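Chains as they are written, first to last, in this note's numbering: chain X, 6 to 350; chain C, 219 to 711.
Notes to accompany the following structure.
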Amino acid sequence: MSDAGASTNHPIKTVREAINEALHQEMERDPTVIILGEEVAGGAGCKGSDEAYGGVFGLTKGLGPRFGRGRVIDTPITESAIIGAAAGAANTGLRPVAELMFVDFIGVCFDQIFNQAAKFRYMFGGKAKTPMVIRATAGAGLRAAAQHSSMLHPVLTHIPGLKVVMPSNAYDAKGLMLQAIRDDDPVCFLEHKLLYETSCPVPDELYTIPFGEAAFCREGSDATIVAMGAMVPRAIAVADKLAKEGIHCDVIDPRTTSPLDSEAILESVEISGRLVVVDEANPRCSVAADISSIVAEHAFSSLRAPIKCVTAPHTPVPFAPILEDAYMPSEERIEQAVRDVLGGR
Amino acid sequence: MANLAPVLMPKWGMEMTEGELAEWHVAVGDSVTAGADIVDVETAKIVNTVTSNHAGQVVRLCAAIGDVIPVGGLLAVVAEGSASDADIDAYVTSLRGADIAPAVEAQPEAIAPSPSKITPEPVIASPTGLSEGPSDADVPASSVARRIAAQNHINLNNIPATGRHGRVSLEDVRAAAAGAGIALTLPQARDFDAPRGAEDSGRFNATPVARRLAQQLGVNLSDCKNTGRHGRISKADVEAAAASQNKFPVGAATTAVAPLTPEAPSDHVAIENLSGARKTIARVVSQAKSEVPHFRVNVDVDVSAAMRLRETLNNHRSDIKVSLNDILIKACAMALASSPIINARFDGETLERHSQAHIASAVATDNGVLMPVLRNAGALGLGEISNAMRDLATRAKTGRLALDEMGTATFSISNLGMFGIDSFDAIINQPAVAILAVGAAKQQPVVRNGELAIGMLMSLSLSSDHRVVDGADAARFLADLKGMLEEPALMLG
């Protein structure tokens, strides 16, 4: 549990600051940690821009000047090279943190991810390990159109050998990032663009959050809401609104979709008998569908209402702002789903 | 009157239930601003400072250093403006009297990563064998397990952990409670009453088939009993509720051709599951009809002499009341003695010939036809047959037949004469190899010795299993039977 974040006497930091701090502290602590990606240090070859840049979203800002170009490597615009180099470096004993500017670009390096990095340990009979982190921005809401707005965690969660992390707040982001770097397997670390500026108390010291342990953001026995990434604050807002009516929900943030803390979800549903899964990804073969299936398979007799999934429709992310807003699960849709599972309340 | 405001024990983190006062930052009479430090509080994990939510003057400190105050407990009172001691006393009493909801720690801006409990669930159990032990705040446990353990006054230190990452799981709590003989209380999922209508909320535990049928029939699941597995509403429950509300499936009716007149009453179809007895009958006759090659031999018998015999017997004996059917049974038993191949049982492999005639008679009951068996009918007199048959029929109708009184027949009789039926064919009562179908005895013109006369004719139809009985066997038996019925004296031989 994220108890350390519970006390308020830690400084308030944004998700962006928390991740940047985690990278700084871990590079300081562990000399084998390297960073590579497009413009992670500065615009390639542009003088004077080193300090200013640090990736388009500024997550790696300050790392280049601090640790030098030997450990913070600007790469060509070739995702297959970034991930391939990172996977090879990981096999030789380094702990690379590779950045994909947008997770939408994962297609061009997918072979390196799913057929190489994810399988090295298995193919070499456990004699090789691939301790790499693939950081990527994800999600809609930034008016960035279909090719820069996807939520692809279901695609990655499907692949054995990969771990998939989706922090929903700054405290979790730091603890999960440190765990991701120290983990001996390839980890996909998906950062939702809408969350970068959200903040909460984050300890200055180093701490890790284990993978596969869900956080209960709210507690209540009337219904269970499972939400991931940027959907977590929306689910919390709905739970808080319903709480004023005397309806109390468990809000569960799995934090990692692989491994998934299905135990926590099943235990909660066993008590509440009602499940709403909120996920920004497209609905088919998704994590929302997966969680529904796990609950239907293992807790069917506990269910008092059909499971409701609140997801994006089965379309690419629209560019028109009104359509994009309608595409993402809204608080209104989540609230309606909870009221539905409560029997029309 | 002054505006009074409380300073309450806050809740820092989900495990915090109480705090110990460590040091006051204020004294009575001090002026404070909103956010000013009031008192340091020590919990199992941290020391932190409680601040005032209101500006004003501290007018009362309600606890002493070292006191352990539960979350939500009153620590101090702040007044805006002047307040009399009486006012403050009344205010403190009202707060302590009222069950103050525990204060919820204000969320930091944006998302708080920490679980913040909105309504702490009360401890609902008294201490048990699992309650002892040091603070379990640091024992790894799943959120639900921790919640349920706390509510049941169970210390997590006493629970062997087998959950994910060595956590105590809900299952572990359950197992430990069961091992210690403690009945675990789980929060009851609440019912949220949906408006009553044909569309049920999902809150009823029903099988998918039952749910679909209920929707089809417009039956509300709340009107159904739940006799299915695991207390679910089953299809039968929905059907029972539908029947009691006179609701019937409408699928067929709606797709039918337009009725001749708009007012034409619709066909009401009641759907029901077969009872166990009916299912047995259905299975047995289907099997007999499909497996056994039946053939029939028919004959009309003049039972005038048998009727006279019956009349004579009944007139001379007050203790018996012989029926024509009783005489028929006796005659069959006698005829079977000379046709052993008819008095047999055949299972498709082996033939079982019997020296005694065990004759089953079809008896109509509320649960369908039964075939009680009269053992060794040939050894019984007509009076004995009559009494035995009345007893068997009565017990068949009340469901009190013994197991060996059914299914052991070597021959069977089905008599529909009482309904005025002329003749019919019966299905063999396996594994017996033949059954006699008996029609009504009626006055009919007959020709005797070239003269037209009025006879009392009864139609007999013998269905036989051709695998072991040939036409000549059946014909010989029926001829013997006819002879005995027409000349009852032959039965004495």
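Beta carbons are placed, not taken as given, at the ideal position from N, Cα and C, and that holds for glycine.
Computed from a predicted model, the values in this text were never measured in an experiment.
State yes or no: is the C-beta of residue i within less than 7 Å of the C-beta of residue j?
| i | j | result |
| --- | --- | --- |
| Ala103/X | Leu157/X | no |
| Ile186/X | Arg100/X | yes |
| Pro334/X | Val322/X | no |
| Val357/C | Leu374/C | yes |
| Val113/X | Ser85/X | yes |
| Ile560/C | Ala652/C | yes |
| Val170/X | Leu183/X | no |
| Phe324/X | Ala145/X | no |
| Asp683/C | Val510/C | yes |
Taking CB distances under 7 Å as the criterion, tell me whether residue i reaches chain X.
| i | result |
| --- | --- |
| Arg429/C | no |
| Ser360/C | yes |
| Pro228/C | no |
| His448/C | yes |
| Pro405/C | yes |
| Ser573/C | no |
| Arg392/C | no |
| Arg563/C | no |
| Ser249/C | no |
| Leu734/C | Examination of residue 734/C is not possible in this model, given that chain C is present from 219 through 711 alone. |
| Arg496/C | no |
| Arg382/C | yes |
| Arg278/C | no |
| Gly415/C | Note that Gly415/C has pLDDT 47, beneath the 50 cutoff, so the model's placement of it is unreliable and the number below is only indicative. False, the Cβ-Cβ gap to chain X never drops below 7 Å. |
| Arg408/C | yes |
Count the other CB atoms within 10 Å of the CB of residue i; is the residue buried (16 or more) or exposed (fewer)?
| i | result |
| --- | --- |
| Thr472/C | Because Thr472/C sits at a pLDDT of 39, beneath the cut-off of 50, its placement in the model cannot be relied upon, and the following sentence gives the value as read from the coordinates. Exposed is the call here. |
| Ser312/C | exposed |
| Glu22/X | buried |
| Leu64/X | buried |
| His153/X | buried |
| Gly299/C | exposed |
| Ala252/C | exposed |
| Met607/C | buried |
| Val61/X | exposed |
| His197/X | buried |
| Asp285/C | exposed |
| Ser573/C | exposed |
| Ser679/C | buried |
| Gly494/C | exposed |
| Asn491/C | exposed |
| Ser630/C | buried |
| His486/C | exposed |
| Lys335/C | Note that Lys335/C scores 42 on pLDDT, short of 50, meaning its location in the model is unreliable; the coordinates nonetheless yield the value given after this. It is buried - the Cβ of Lys335/C has at least 16 other Cβ atoms within 10 Å. |
| Ile327/X | exposed |
Looking at the C-beta of residue i, does it have a partner C-beta in chain C at a distance below 7 Å?
| i | result |
| --- | --- |
| Glu268/X | yes |
| Ile118/X | no |
| Phe221/X | yes |
| Asp227/X | yes |
| Ser273/X | yes |
| Pro16/X | no |
| Ile339/X | no |
| Ser351/X | No information on residue 351/X is available, as it lies outside the stretch 6 to 350 that chain X covers here. |
| Ile296/X | no |
| Ile276/X | yes |
| Ser155/X | no |
| Ser263/X | no |
| Ser306/X | yes |
Next item on the list: Evaluate contact between the stretch 256-264 of chain X and the stretch 116-135 of chain X, counting only Cβ atoms and requiring at least three cross-stretch pairs below 8 Å.
Entry: Too few Cβ pairs lie closer than 8 Å, so no.
Note to self: Taking contact to mean 3 or more Cβ pairs, one atom from each stretch, closer than 8 Å, check whether the stretch 236-243 of chain C and the stretch 253-260 of chain C are in contact.
What the structure shows: yes
Check: Whole beta strand (DSSP E) runs in the stretch 134-174 of chain X with 3 or more residues, listed along the chain?
Finding: Counting only runs that start and end inside the stretch 134-174 of chain X, the beta strand (DSSP E) elements of at least 3 residues fall at 138-143 and 168-170.
Next item on the list: Please go through the stretch 221-275 of chain X and give each complete beta strand (DSSP E) segment of 3 or more residues, from N-terminal end onward.
Entry: 228-232, 254-258 and 261-263
Item checked: Within the stretch 170-202 of chain X, ranges of the beta strand (DSSP E) (whole runs, at least 3 residues) -> 192-197
Next item on the list: Return the chain-ordered ranges of every beta strand (DSSP E) run that is complete within the stretch 288-320 of chain C and spans a minimum of 3 residues.
Entry: 292-298
Next item on the list: Entirely within the stretch 485-531 of chain C and at least 4 residues each: give me those alpha helix (DSSP H) ranges in chain order.
Entry: 494-509
Notebook entry, point to check: Is the stretch 204-211 of chain X touching the stretch 232-248 of chain X in the sense that three or more CB pairs, one from each, lie closer than 8 Å?
Noted result: no
Check: What are the complete beta strand (DSSP E) segments, minimum 3 residues, inside the stretch 581-617 of chain C?
Finding: 581-583 and 586-588
Check: Do the stretch 363-373 of chain C and the stretch 342-352 of chain C meet, that is, are 3 or more Cβ pairs less than 8 Å apart?
Finding: yes
Check: Given 8 Å as the limit, is there contact between the stretch 670-684 of chain C and the stretch 518-531 of chain C, that is, 3 or more CB pairs closer than that?
Finding: yes
Item checked: Touch test, the stretch 134-142 of chain X against the stretch 78-92 of chain X, Cβ-Cβ under 8 Å, three pairs minimum -> Contact between the stretch 134-142 of chain X and the stretch 78-92 of chain X is present: three or more C-beta pairs spanning the two stretches fall below 8 Å.
Notebook entry, point to check: Are the stretch 536-556 of chain C and the stretch 593-607 of chain C touching, with three or more C-beta to C-beta distances below 8 Å?
Noted result: Yes, they touch.
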